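All remarks here apply to the structure that follows.
In my numbering, the protein residues as written are 9 to 780.
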């Protein structure tokens with residue numbers, strides 16, 4: 009209500025501030041700072057002193073009565089007042105009509121949110137989090153990347169510009185960070201994460217400014233945030249530190265952090281693993297961010313660092329009595345990896361560590377503890393990186409590591425996920441073939457317990473089998489039978505058990521299913537596997553435009569390649585006539601998709617089909633119709649094309665999901681430039697009337713009648729022509745009396761589309777009358 013009143017208040021320009029708007033914003037921000045003492049007096053003073061409500065103060069005598077409230081009642085009242093105030097502020101900051109007017113209150117809103125993060129009650133903390141989220145969008149704009157880490161400058165702001173725009177915020181943030189740094193290590197300060205998240209959205213240009221001297225203080229405080237007991241806070245501190253550094257200051261900061269790590273380790277009596285982990289994260293983020301080509305520009309003693317930190321790996325082993333930290337070890341291995349990428353000479357010093365961590369993957373030397381799988385993943389990544397650049401690690405050792413960890417429960421998903429990448433990296437077929445054989449046999453032997461595996465593990469195995477099929481094409485022909493075995497296994501075993509195991513609608517399985525089918529079908533030798541039942545099942549599962557349209561771009565590219573092969577397999581075989589129509593139906597739906605990239609990829613698919621087409625109008629839809637006609641005109645039953653076009657016009661366009669906006673007025677999901685249902689019906693009908701006159705009076709096969717009956721949920725009699733079928737369908741078309749109850753009916757839109765679509769076929773009735 010408050011938002012509605014403020015947003016509809018007359019103003020000359022968008023950023024014009026009115027007296028009422030300023031007073032209401034000041035009252036709301038002041039309400040978030042209430043204290044429990046003299047609560048009623050504070051509220052009355054806020055609302056009735058120098059505000060738009062002043063002249064109402066004398067009329068509300070009841071509010072001026074003195075009441076004695078207990079401390080607990082005051083706390084409850086304050087919580088309600090603050091929560092409502094924060095929620096109203098969030099609504100105001102989110103409202104697009106007030107975007108310019110609220111700019112001068114963003115600073116106060118941020119401070120209010122940060123303070124309420126430390127509130128006693130969940131309701132107030134939750135309201136503060138929602139307000140902070142709204143303010144982040146108001147300051148930096150709607151996020152334009154997939155994640156909140158790899159942001160572009162569109163969602164960031166310069167430090168100087170930010171703190172000049174919100175001058176009081178810098179001193180507030182410094183005070184909050186100083187308070188946190190001075191606190192006991194075991195205590196948690198809730199608003200620190202939000203402050204660090206805000207700072208990570210800023211970037212620093214080394215230009216002279218008034219905030220220059222405070223930036224150094226800010227960097228020092230962020231470094232000290234590494235002590236937090238909360239993992240996410242340590243990560244945010246590392247990310248917030250990096251934008252503050254320049255090429256001139258990074259050496260000093262790295263040296264300081266390394267010195268802190270070494271000095272902390274030297275004091276064994278009070279070893280703080282969280283603190284060292286926080287420091288290590290900061291080093292890792294610096295190395296990633298600056299992407300050094302060499303270490304010549306910075307004078308950092310990496311040799312001393314590596315020598316003094318070997319204990320991190322040693323503490324992980326059972327023979328060592330000290331406390332392990334796999335989380336710390338994972339980041340440490342990542343740091344070593346980045347150091348070696350910049351300067352390979354450090355591999356010599358790291359050789360003992362490399363062989364130690366390899367033994368951790370092959371032998372049972374490690375202690376139990378949280379994040380052990382993260383450590384092993386970092387080790388595998390490090391080892392793969394070394395194997396690519398040097399010959400320190402032999403291919404046979406790599407293969408042993410992968411094969412061993414395929415059976416380790418905590419590593420199965422991760423290792424199966426990277427095996428496809430490993431296959432592409434292995435340089436010799438004598439090493440690759442045993443790896444393929446072993447992994448394929450592992451999957452074959454595990455089918456009896458496949459239903460127990462997590463969806464992630466199942467998808468990893470499906471991806472491996474798909475990549476195996478892609479990879480086998482590139483190695484010696486002697487392994488040709490292995491490809492056949494994989495295809496038969498997928499079609500004969502995995503496909504037949506998909507309902508039991510629940511993976512029948514998942515992307516990785518469907519891609520593998522399609523690839524296995526086209527690989528085997530292209531050989532024309534395995535009719536016992538590629539029968540009509542198998543073909544129908546594969547096409548029914550794979551040819552679904554919804555899952556294809558929602559895929560990631562790279563994944564979708566591989567699926568479109570399989571779609572092309574599915575066409576090549578079936579288009580010359582008349583027994584596959586109905587799956588051909590299903591294939592063309594899916595491509596038509598993709599051509600009308602809202603995503604322009606999907607439409608373009610579908611157009612390329614149709615354009616590259618090896619079908620000669622002389623269409624003058626080469627629009628997307630006309631090209632598809634022309635090639636569809638050329639593919640089927642020489643079939644035994646070309647009249648079935650008429651049925652397909654009629655189905656596309658009448659029923660296909662109802663299968664659309666609609667997404668309405670807040671007012672239920674505008675359909676946001678439909679692009680009417682490419683998908684206007686009645687226009688599509690008109691094009692199909694005109695194409696049918698123009699090109700298929702000779703086939704309209706041919707008696708349709710019984711199986712074709714059964715097929716259209718099942719699709720349209722109707723009951724046409726057998727032994728009729730297409731022209732008769734169109735005339736008989738009129739009895740299934742709804743009738744409107746143009747009354748209010750027709751329009752208010754929830755099915756009105758679909759019925760209207762059905763009527764308008766059928767009207768496009770009135771020309772067929774006219775042709776009938778002329779011919780007789």
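C-beta atoms are modelled at their ideal positions from N, C-alpha and C, and glycine is treated no differently. Computed from a predicted structure; not experimentally measured.
Would the beta-carbon of residue 388 fall within 8 Å of that of residue 361?
-> no
Distance, residue 472 Cα to residue 458 Cα = 15 Å
Any idea if residue 130 is buried or exposed, counting beta-carbon neighbours within 10 angstroms, 16 or more meaning buried?
-> exposed
Rounded to a whole number of angstroms, what is the C-alpha to C-alpha distance between residue 332 and residue 377?
-> 8 Å
Residue burial classification, residue 710 (beta-carbon count within 10 angstroms, cutoff 16) = exposed
With distances taken Cα to Cα, identify the nearest neighbour of residue 241 among 247, 201 and 505.
-> 201
Straight-line Cα distance separating residue 372 from residue 326 = 9 Å
Taking the runs of the alpha helix (DSSP H) that are 4 residues or longer, which of them lie wholly in the region 395–440?
-> 403–413 and 420–433
Proximal residues to residue 465 (C-beta, below 6 Å), its chain only, five neighbours per side dropped = 420 and 421
Do the CB positions of residue 208 and residue 244 come within less than 8 Å of each other?
-> yes
Can you name the residues that DSSP bridges to residue 166?
-> 211
Would you please state the rounded distance, in angstroms, between the beta carbons of residue 599 and residue 629? I believe it to be under 8 Å.
-> 6 Å
Identify every residue that forms a DSSP beta bridge with residue 729.
-> 707
Distance, residue 713 Cα to residue 616 Cα = 32 Å
Contacting residues, own chain, Cβ-Cβ under 8 Å from residue 306 (five flanking each side not counted) = 258, 259, 262 and 300
Along the alpha helix (DSSP H) that carries residue 292, what are the first and last residues, could you check?
-> 281–298
Can you say whether residue 766 is buried or exposed, counting buried as having 16 or more other CB atoms within 10 angstroms of its CB?
-> buried
Which value, in whole angstroms, describes the spacing of the CA atoms of residue 297 and residue 232?
-> 20 Å
Is residue 325 helix, strand or coil when you go by DSSP?
-> strand
If you draw a straight line from the alpha carbon of residue 573 to that of residue 703, how long is it in whole angstroms?
-> 29 Å
Residue 553 versus 537, 314, 41 and 602, residue with shortest Cα-Cα distance = 602
Residues that residue 139 bridges to, as DSSP identifies them | Answer is none; residue 139 lacks a bridge partner.
Identify whether residue 600 lies in helix, strand or coil by the three-state DSSP scheme.
-> coil
Look at residue 727 and residue 707 and say whether their C-beta atoms are less than 8 Å apart.
-> yes
Pairwise C-alpha distance: residue 118 and residue 140 = 6 Å
Drop a sphere of 10 angstroms on the beta-carbon of residue 340, count the other beta-carbons inside from all chains shown, and report buried for 16 or more, exposed for fewer.
-> buried
Alpha carbon to alpha carbon, how far is residue 597 from residue 147?
-> 40 Å
What are the start and end residues of the alpha helix (DSSP H) that includes residue 543?
-> 540–550
Just the Cα atoms here: how many angstroms apart are residue 511 and residue 517?
-> 7 Å
Where does residue 559 sit, in a helix, a strand or coil, going by DSSP?
-> coil
With C-beta atoms as the reference, is residue 591 less than 8 Å away from residue 525?
-> no
Is the number of C-beta pairs between the region 394–402 and the region 340–357 that are closer than 8 Å three or more?
-> yes
Residue 762 by DSSP, collapsed to three states: which one?
-> helix
Starting from the N-terminal side, write out each stretch of the alpha helix (DSSP H) that is 4 residues or longer and does not extend beyond the region 601–659.
-> 604–615, 628–640 and 648–658
Kindly give me the distance between the Cβ atoms of residue 237 and residue 269, rounded to whole angstroms, as I take these residues to be in contact under 8 Å.
-> Their Cβ separation, rounded to whole angstroms, is 18 Å, which puts residue 237 and residue 269 out of contact at 8 Å.
Thinking just about the alpha-carbon of each residue, which of 700, 324, 425 and 555 is nearest to the one in residue 647?
-> 700
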